[in-house]
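Residue numbers (our numbering): 228 to 566.
Structure representation (structure tokens):
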């Protein structure tokens, strides 16, 4: 990392036009790492734009810099112009340009130097000139901090950067409970708190800031839509487009629901299925060494981490459930022998 960090330090040593982008439907780590980097580069005198492919959850809208984020969907013309004029493009929290659709073509056609910072497996190394990839890192936000440190730029760490990076690390570690949380993670968190990140306030803004409809939707999922497969230590929760509309769904309202299924004693594999605008998406979670990223990749054109992945289904919700039930049966030995 040190050699590449010095190359990056040289690249950003003079004012440039910079675009930062992240994956579609950005989560806390995507936005936290992007906005954290945004605040660093602004301090260094660069002209910086954060462009996301589409909208993201409202519980992230309080983050410093949020008002300057450009949503590509609905602002294609201005975003295309900004990207075409960029000297550098940072690709954060993803490693495959298909993950930024419909922004993919604009970024791929750009002549700008591209820098990837990501912690997912199997990065496409052809899409960037500089690649900071570490699958052992708990989050891309942690990697952004490590890159800052390697460039000897932690002196620029202020409250805005600290809050953003804290959000990224907290959300991608499940509030520091996942196995990816290490001593290094806690050391970085201590530095962020020292720099002004208010941990209790941030936790409340992310996790205790739900609408009444979101809580009602959660109750409906757990009471009416939870299917348990205790003989195979698995669980499925599903929602149709019609059910989402019934609860006046807003982006982010279903985030984290899958974790409630995984929290049930004995459950080692949980899936949340949601139909939205004709597309069926899946969130897969697991405990121990049951590799949901392999299932996501093999059956649902997706991927991610060993214990947290996502994918899409080309069939209806009911047919997707049937497919998952067969998968659960096929993996029953692994699920019953899970450590």
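Glycine included, every Cβ here is placed at the ideal spot set by N, Cα and C.
With distances taken from CA atoms, which of 424, 383, 256 is nearest residue 390?
424
From the DSSP output, in three-state form, read off residue 239 for me.
coil
In chain order, what are the residue ranges of uninterrupted alpha helix (DSSP H) at least 4 long that sit wholly in the segment 260–317?
Listed in chain order, the complete alpha helix (DSSP H) runs (minimum 4 residues) inside the segment 260–317 are 303–311.
Using a Cβ-Cβ cutoff of less than 6 angstroms, which residues in the same chain neighbour residue 456 once the five nearest sequence positions on both sides are dropped?
555
Answer yes if the segment 441–448 comes into contact with the segment 416–430, meaning at least three C-beta pairs across the two stretches below 8 angstroms, and no otherwise.
no
I'd like to know whether the C-beta atoms of residue 323 and residue 256 end up nearer to each other than 8 angstroms.
no
Using only the alpha-carbon positions, how far apart do residue 451 and residue 510 sit?
19 angstroms
Please confirm whether residue 523 and residue 515 have their CB atoms less than 8 angstroms apart.
no
Could you please give the first and the last residue of the uninterrupted beta strand (DSSP E) stretch that includes residue 345?
340–345
Using DSSP's beta-bridge definition, name the partner residues of residue 455.
462
I need the DSSP call for residue 473, collapsed to helix, strand or coil.
helix
Report the three-state DSSP secondary structure of residue 512 (helix, strand or coil).
Strand.
Out of 378, 362, 377, point me to the one whose CA is closest to residue 406's CA.
362
Buried or exposed: which applies to residue 369, given that a residue is buried once 16 or more other Cβ atoms fall within 10 Å of its Cβ?
Sixteen is the threshold: when 16 or more other Cβ atoms of the shown chains lie within 10 Å of the Cβ of residue 369, as they do, the residue is buried.
Considering just the uninterrupted stretch of the beta strand (DSSP E) at residue 501, what are its terminal residues?
First-last of the beta strand (DSSP E) with residue 501: 496–503.
Which residue from 380, 401, 289 puts its Cα closest to that of residue 239?
380
For residue 249, which three-state DSSP category applies?
strand
Could you pull out every residue in the same chain whose Cβ sits closer than 6 angstroms to the Cβ of residue 572, ignoring the five residues on either side in sequence?
Any question about residue 572 goes unanswered here, given that the chain covers just 228 to 566.
For residue 436 and residue 461, what's the separation of their Cα atoms in angstroms?
29 angstroms
Run through DSSP, which three-state label would residue 358 get?
strand
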